[in-house]
Ligand SMILES: Nc1ncnc2c1ncn2[C@@H]1O[C@H](COP(=O)(O)OP(=O)(O)OP(=O)(O)O)[C@@H](O)[C@H]1O
Ligand SMILES: [Mg+2]
């Protein structure tokens, strides 16, 4: 880490409190440091997250613990096939006393929205959600209402396809900054998880409410600070080369052949914004090619789709992204 730049950001109260959030979360979530970092980066750069993983790997716990550490409005939406768009956006209700309609805001009028099992929600609800994510506003009966910043949607889904699920279409996956895949923990981490849950259960009786560490003001201040993190011409070129490689330009030719849908410009934009937030969290005033390379799999994964042949031969999207990273020169 650069000593000068560290000194510059170390003086920022916003940086201190968000690093504190990061460290507290790392303690509560065993072996999930990368997920924690991505979550903070999404919050700081106005992105949203999709977390996929088998049952019981702390998807819900992650978002709940995260929201507990922030004094922002948090809501959890359990997606089900009978959910209606108005259930999440809100609706105009007739008031008998006044004889008028008044708007009753739905759960989307919060700041951190956990949408559990998003692929169980019907397509109309998914589009209402994705519209709110993209536009950061909601329109009902011709009236548009702005959502309060910071606004972050964290959606979870199980990879196993059940009856009654509606997988998010690729075009809609593009709305998420990150698509994170969680695996089952290894034996060591499993043991640490067990110890932690047993300790927490024992301490439950004396448990005190968690005190939030950061508020909206510090998050918005952090956003202002990180927007001036420097991205050199060389790093911008690298981002574009990497995204271009998914379209078959440059060295990625062979693996790009198996890509049916390449990454959109949103991929480049999200890579750049996420890299700035990552560098800021790390106490740097500049982005490195390493920031971009380490973020690329989680940014690109939901944005590219493999063709039928590649999928049939068992290649995963992440394998292809790995090859693109290895074959694309950083400078
Ligand atoms: N890495 C971990 N760190 C700490 N606790 C964990 C971890 N993995 C699992 N747990 C514990 O496992 C339990 C299940 O977690 P959680 O309910 O968040 O899973 P989930 O991924 O949301 O599952 P589902 O897909 O079924 O909703 C919780 O009690 C949680 O404390
Ligand atoms: Mg869950």
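In the working numbering, the protein residues as written are 1 to 331.
The C-beta atom is built at its ideal place from N, Cα and C for all residues, glycine as well.
Report the residue ranges of all beta strand (DSSP E) runs contained in full by the segment 160-243; include only those spanning at least 3 residues, in chain order. 178-181
Leaving out five residues before and five after residue 230 in sequence, what residues of the same chain have Cβ atoms less than 8 Å from its Cβ? 285, 286 and 287
Between 113, 57, 123 and 104, which lies nearest to residue 82 when the distance is taken from Cα to Cα? Distances from the CA of residue 82 to each of 113, 57, 123 and 104 were compared; the closest alpha carbon is that of 123.
With a cut-off of 8 Å on the beta carbons, I'd call residue 238 and residue 320 a contact; round off their distance for me. The pair is not a contact, with the Cβ atoms about 18 Å apart (cut-off 8 Å).
Span of the alpha helix (DSSP H), counted from its first residue to its last, around residue 134: 123-135
Which residues end up in the neighbourhood of ligand 2 when you take C-beta atoms closer than 7 Å to any of its heavy atoms? 59, 60, 116 and 156
Identity of the residue in 190, 51, 210 and 219 nearest residue 111 by Cα: 219
Nearest by alpha-carbon distance to residue 331: which of 135, 153 and 241 is it? 241
Minimum C-alpha distance to residue 172 - residue among 187, 155, 314 and 184: 155
Residue 289 (DSSP reduced to helix, strand or coil): Residue state, collapsed to three classes: helix.
Using a threshold of 8 Å, is the CB atom of residue 30 nearer than that to any non-hydrogen atom of ligand 1? yes
Taking the CB atoms as reference points, tell me whether residue 92 and residue 140 lie closer together than 9 Å. yes
Helix, strand or coil for residue 330? Go by DSSP, reduced to three states. coil
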